[in-house]
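Chemist:
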Amino acid sequence: AKPKVVVCRSLGPAMPLLAQQADIDLVVWSEDRSCPRPWLLENIPGAAGVIVLLGDKVDEEFVRAAGPGLKVVSTMSVGYEHIDLPLMARHNIRVGYTPDVLTEAVADITIMLALMAGRNDNNVYSTVKNGDWARPNFAWSPFKLCGPQLSTTLSSPTRTAGFLGFGRIAQATLARLVGFGVTHALYTGNPASSNSSVRDEELKTRHRLQALERVDVDRLARESDILFVLTPGGAGTYHLVDEAFLRKMKPLSLLVNTSRGSVVDSDALAKALKENWIWGAGLDVVEGEPLITEDHPLVKEPRCVIVPHIGSATFETRLDMATRAVENLFAGLFGRDMPAELRV
Ligand code: GLV
Ligand code: GLV
Numbered sequence: 007a008k009p010k011v012v013v014c015r016s017l018g019p020a021m022p023l024l025a026q027q028a029d030i031d032l033v034v035w036s037e038d039r040s041c042p043r044p045w046l047l048e049n050i051p052g053a054a055g056v057i058v059l060l061g062d063k064v065d066e067e068f069v070r071a072a073g074p075g076l077k078v079v080s081t082m083s084v085g086y087e088h089i090d091l092p093l094m095a096r097h098n099i100r101v102g103y104t105p106d107v108l109t110e111a112v113a114d115i116t117i118m119l120a121l122m123a124g125r126n127d128n129n130v131y132s133t134v135k136n137g138d139w140a141r142p143n144f145a146w147s148p149f150k151l152c153g154p155q156l157s158t159t160l161s162s163p164t165r166t167a168g169f170l171g172f173g174r175i176a177q178a179t180l181a182r183l184v185g186f187g188v189t190h191a192l193y194t195g196n197p198a199s200s201n202s203s204v205r206d207e208e209l210k211t212r213h214r215l216q217a218l219e220r221v222d223v224d225r226l227a228r229e230s231d232i233l234f235v236l237t238p239g240g241a242g243t244y245h246l247v248d249e250a251f252l253r254k255m256k257p258l259s260l261l262v263n264t265s266r267g268s269v270v271d272s273d274a275l276a277k278a279l280k281e282n283w284i285w286g287a288g289l290d291v292v293e294g295e296p297l298i299t300e301d302h303p304l305v306k307e308p309r310c311v312i313v314p315h316i317g318s319a320t321f322e323t324r325l326d327m328a329t330r331a332v333e334n335l336f337a338g339l340f341g342r343d344m345p346a347e348l349r350v
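For the sequence shown, full-length UniProt numbering begins at 7 and goes up steadily by one.
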């Protein structure tokens, strides 16, 4: 029999890559909204492969429903917080994901959020929409609507970028920051790979950095002017940015999260903004998303800019991610090497 493949959302222009495969029995949730759990559980029995998105939990229930023939789960995401990897390993289910192809898009939006957070983005847009700009008491004014600058200045000749997690996206973000005059970078990372000091020397030379240093979380919080949260989610990084961390940060610092909402304690961040422990925040991800509405404490904070998890949302990158997800799926189905395979 042909292997059954379940796809949890239409992959748009990448669908022909799947549909052309005569050798599979294809089942697609094609409505443009999250795949309902009951539909998924009803349709995965007997599946050999499933393509999921980050809202689809791949857990005991999923694996049990699919049955023993499940060979591969391919997620169209670089993040894998929604997938129980040890469970996959126990059941010999291969897992594909989409690193690399989205690195540049997410680094772009990381810089965008740092700029938006520093420049009062929330307030400046409403100013124009409300008609305030035209009011007499609002004319261009020396210190009105100011915020901390991302690039270096006469009065502030060094800016320290801090990275909580220093993988591909963090390094691509650092490369962009060099153009803003950043010469000092700190990071925390996974246990040092054997060649990280070689890599750091290479990065320092390439970007003409004065300092690139691996530090503990305490120093990262205390010394960063802009703190970039770029670590994977999951239990190991849950609320790494909590009240204690935020209390150590500089009053004019910015926090940008483009990884997973679970890394930052939302209540603590709202308090930090309200009480001016830090100056502003830019978030592409928030814990509990997508159920984030106007009464959420962070949405109410005027110096918190929030966008709805669109870090990789460019035509080019999403097409590359969908293509990669399909390639991973077929590699898993037919026992070939995957372009990008996740292992525990
Ligand atoms: C997006 O958050 C992803 O994991 O690709
Ligand atoms: C601002 O517009 C300036 O001219 O300084």
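Where a beta carbon is used, it is the ideal one built from N, C-alpha and C, also for glycine.
Every value quoted in this text rests on a predicted model; they were computed, and no experiment measured them.
Helix, strand or coil, according to DSSP, for Ser64 in the structure here?
Modeler: Against the sequence shown, residue 64 aligns to sequence position 58. First, the amino acid is wrong: residue 64 is Val here, not Ser. Note: Val64 maps to strand in three-state DSSP.
Chemist: With a floor of 4 residues, list each alpha helix (DSSP H) that falls wholly inside the stretch 183-244, ordered by position along the chain.
Modeler: Here the runs fully enclosed are 202-213, 223-229.
Chemist: When the distance is taken between beta carbons, is Gly187 closer than 8 Å to Ser157?
Modeler: Numbered from its first residue, the sequence shown carries residue 157 at position 151. Numbered from its first residue, the sequence shown carries residue 187 at position 181. Contact flag set, yes.
Chemist: Could you tell me if the beta carbon of Gly124 falls within a distance shorter than 7 Å of some heavy atom in ligand 1?
Modeler: Against the sequence shown, residue 124 aligns to sequence position 118. Checking every heavy atom of ligand 1 against the Cβ of Gly124, none is found closer than 7 Å.
Chemist: Could you tell me the boundaries of the beta strand (DSSP E) in which Ala54 lies?
Modeler: Looking up residue 54 in the sequence shown gives position 48. First-last of the beta strand (DSSP E) with Ala54: 53-58.
Chemist: Please name the residue, chosen from Phe68, Asp301, Thr166, that lies closest to Ala276 on a Cα-to-Cα basis.
Modeler: Counting from 1 along the sequence shown, the entry for residue 276 is found at position 270. The shortest C-alpha separation from Ala276 is found at Asp301.
Chemist: Please report the straight-line C-alpha distance between Phe68 and Gly341, rounded to a whole angstrom.
Modeler: Within the sequence shown, the letter at position 62 stands for residue 68. Within the sequence shown, the letter at position 335 stands for residue 341. Answer to the nearest angstrom: the Cα atoms are 22 Å apart.
Chemist: Kindly indicate which residue of Leu236, Val292, Leu209 has the alpha-carbon position closest to the one of Asp273.
Modeler: Position 267 of the sequence shown, counted from the first residue, corresponds to residue 273. The candidate whose alpha carbon is nearest that of Asp273 is Val292.
Chemist: Can you check whether the CB of Leu91 is closer than 8 Å to the CB of Val350?
Modeler: What you label residue 350 is simply residue 344 of the sequence shown in a count that begins at 1. What you label residue 91 is simply residue 85 of the sequence shown in a count that begins at 1. In this structure, Leu91 lies closer than 8 Å to Val350 by Cβ.
Chemist: Going by Cα to Cα distance, which pick from Ala113, Trp285, Ser83 is closest to Ala328?
Modeler: As a working mapping, residue 328 is identified with position 322 in the sequence shown. For the residues Ala113, Trp285, Ser83, the minimum Cα distance to Ala328 belongs to Ser83.
Chemist: Considering only the alpha carbon of each residue, which of Gly267, Thr166, Val262 lies closest to Val221?
Modeler: Translated into the one-based positions of the sequence shown, residue 221 becomes position 215. When only C-alpha atoms are compared, the closest one is Thr166.
Chemist: When the Cβ atoms of the stretch 127-138 are set against those of the stretch 304-318, are three or more pairs found closer than 8 Å?
Modeler: Touching, yes, given that three or more Cβ pairs across the two stretches are closer than 8 Å.
Chemist: Check whether the Cβ atoms of Arg266 and Thr104 lie closer than 8 Å to each other.
Modeler: Along the sequence shown, read from residue 1 onward, the residue named residue 266 stands at position 260. Along the sequence shown, read from residue 1 onward, the residue named residue 104 stands at position 98. Going by C-beta atoms, Arg266 is not nearer than 8 Å to Thr104.
Chemist: In terms of DSSP beta bridges, what is Val12 paired with?
Modeler: For the purposes of this step, residue 12 is identified with residue 6 of the sequence shown, where counting begins at 1. Its beta-bridge partners are Val33, Val56.
Chemist: CB Pro51 to CB Ala20, shorter than 8 Å?
Modeler: Numbered from 1 along the sequence shown, position 45 holds the residue referred to as residue 51. Numbered from 1 along the sequence shown, position 14 holds the residue referred to as residue 20. In this structure, Ala20 does not lie closer than 8 Å to Pro51 by Cβ.
Chemist: Is Ser318 near ligand 1, going by C-beta to nearest heavy atom under 7 Å?
Modeler: Here residue 318 refers to the residue found at position 312 of the sequence shown. Flag set: Cβ of Ser318 near ligand 1.
Chemist: On the DSSP letters alone, give me the boundaries of the alpha helix (DSSP H) that Cys151 sits inside.
Modeler: Within the sequence shown, the letter at position 145 stands for residue 151. For clarity, residue 151 is Leu in the given sequence; the question names Cys instead. Element bounds for Leu151: n/a, residue is neither H nor E.
Chemist: Report the option in Pro148, Leu236, Leu160, Ala145 whose CA atom is closest to the CA atom of Phe172.
Modeler: As a first step, residue 172 is located in the sequence shown; it is residue number 166 there, counting from the start. Ranking Pro148, Leu236, Leu160, Ala145 by Cα distance to Phe172 puts Leu236 first.
Chemist: If you count every other CB in all the chains shown that lies within 10 Å of the CB of Asn282, and 16 or more means buried, which is it?
Modeler: Translated into the one-based positions of the sequence shown, residue 282 becomes position 276. With fewer than 16 other Cβ atoms within 10 Å, it is exposed.
Chemist: Leu170: beta carbon under 7 Å from a heavy atom of ligand 1?
Modeler: To locate residue 170, count along the sequence shown from 1; it is residue 164. The answer is no for Leu170.
Chemist: Does the stretch 93-107 come within contact of the stretch 239-257, defined as at least 3 CB pairs closer than 8 Å?
Modeler: The stretch 93-107, when compared against the stretch 239-257, does not touch it at the 8 Å Cβ threshold.
Chemist: By how many angstroms is the C-alpha of Leu32 removed from the C-alpha of Ala54?
Modeler: The sequence position of residue 54 within the sequence shown is 48, counting from 1. The sequence position of residue 32 within the sequence shown is 26, counting from 1. For Ala54 and Leu32, the distance between alpha carbons rounds to 11 Å.
Chemist: Run the CB neighbour count on Asp290, radius 10 Å, all protein chains shown included, and call it buried at 16 or more, exposed below.
Modeler: In the sequence shown, residue 290 corresponds to position 284, counting from 1. Buried, because 16 or more other Cβ atoms sit within 10 Å of the Cβ of Asp290.
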